[in-house]
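Participant: Using my numbering, you'd call the opening residue of the sequence shown number 13 and step up by one each time. Could you have a look at this structure, given as structure tokens, before my questions?
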Amino acid sequence: MAINLRAMQLADVPQVYAIECSISPDPWGEKLFSDCISVGYSCWVLESDDDMTVVGYGLLSCAASEAHILNIAIRPDMQHAGLGRRLMQHLIQQAQLLQADMVYLEVRVTNAPAINLYKQLSFIEIGSRKGYYARGREREDAFVLALGL
13 MAINLRAMQL
23 ADVPQVYAIE
33 CSISPDPWGE
43 KLFSDCISVG
53 YSCWVLESDD
63 DMTVVGYGLL
73 SCAASEAHIL
83 NIAIRPDMQH
93 AGLGRRLMQH
103 LIQQAQLLQA
113 DMVYLEVRVT
123 NAPAINLYKQ
133 LSFIEIGSRK
143 GYYARGRERE
153 DAFVLALGL
């Protein structure tokens, strides 16, 4: 099965939202994904060549020479196949094309696989955000990571 990378379209939002709901205890709403596309953020999907289903997505905003990876996810049954790395590398390339000097992101402190990937891609921890993520009625801290371009 080949996996293609392409720009996210509004028609992709239901599939993107389904992935978001499958991996996040506090998922973004469909409107937030649609709004990111509508305002021109750099929004991408990974799509299976076999059945044209979305298997992952990533969203990047860029302003004032700073890029921010807003959200990235791979469908649970497709994780651990290098797709997250491929998508992250693409988002970093997009930040470079948009002339960003730095790329920032937040990650749940409990998300060890993602933290490991980001560190392999040379992101460094520059801080934390207390209670940044919702987890039902609970809150979870985030690490703030940065990558100089």
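Every residue gets a Cβ at the ideal spot worked out from N, C-alpha and C, and that includes glycine.
Which of helix, strand or coil does DSSP assign to F155?
Facilitator: For the purposes of this step, residue 155 is identified with residue 143 of the sequence shown, where counting begins at 1. DSSP places F155 in strand when its eight states are reduced to three.
Participant: For V119, which residues of its own chain have a beta-carbon under 7 Å away from its beta-carbon, when the five flanking residues on both sides are left out?
Facilitator: Within the sequence shown, numbered from 1, the residue matching residue 119 stands at position 107. Here the set comprises A126, I127, Y130, A154, F155, L157.
Participant: Looking at C-alpha atoms only, which residue of V67, H92, M100, G68 is the closest neighbour of I81?
Facilitator: Taking the first residue of the sequence shown as position 1, residue 81 is located at position 69. Of V67, H92, M100, G68, the residue nearest in Cα terms is M100.
Participant: What is the C-beta distance between E59 and V51, in whole angstroms, given that I count them as a contact (C-beta under 8 Å)?
Facilitator: Mapped onto the sequence shown, residue 59 falls at position 47. Mapped onto the sequence shown, residue 51 falls at position 39. With a Cβ gap of about 22 Å, E59 and V51 do not count as contacting.
Participant: From T122, S34, F135, S77, pick the residue whose C-alpha is nearest to that of Y145; which is it?
Facilitator: Taking the sequence shown and counting its residues from 1, the one referred to as residue 145 is at position 133. Answer by Cα proximity: T122.
Participant: Please report how far the alpha carbon of W56 lies from the alpha carbon of N83, in whole angstroms.
Facilitator: Position 44 of the sequence shown, counted from the first residue, corresponds to residue 56. Position 71 of the sequence shown, counted from the first residue, corresponds to residue 83. Answer to the nearest angstrom: the Cα atoms are 10 Å apart.
Participant: How long is the line joining the alpha carbons of C48 and S54, rounded to whole angstroms?
Facilitator: Position 36 of the sequence shown, counting from 1, holds the residue named residue 48. Position 42 of the sequence shown, counting from 1, holds the residue named residue 54. The straight-line gap from Cα to Cα measures roughly 8 Å.
Participant: With DSSP as the reference, identify every bridge partner of V115, one or two as the case may be.
Facilitator: To locate residue 115, count along the sequence shown from 1; it is residue 103. V115 pairs with A79, L159.
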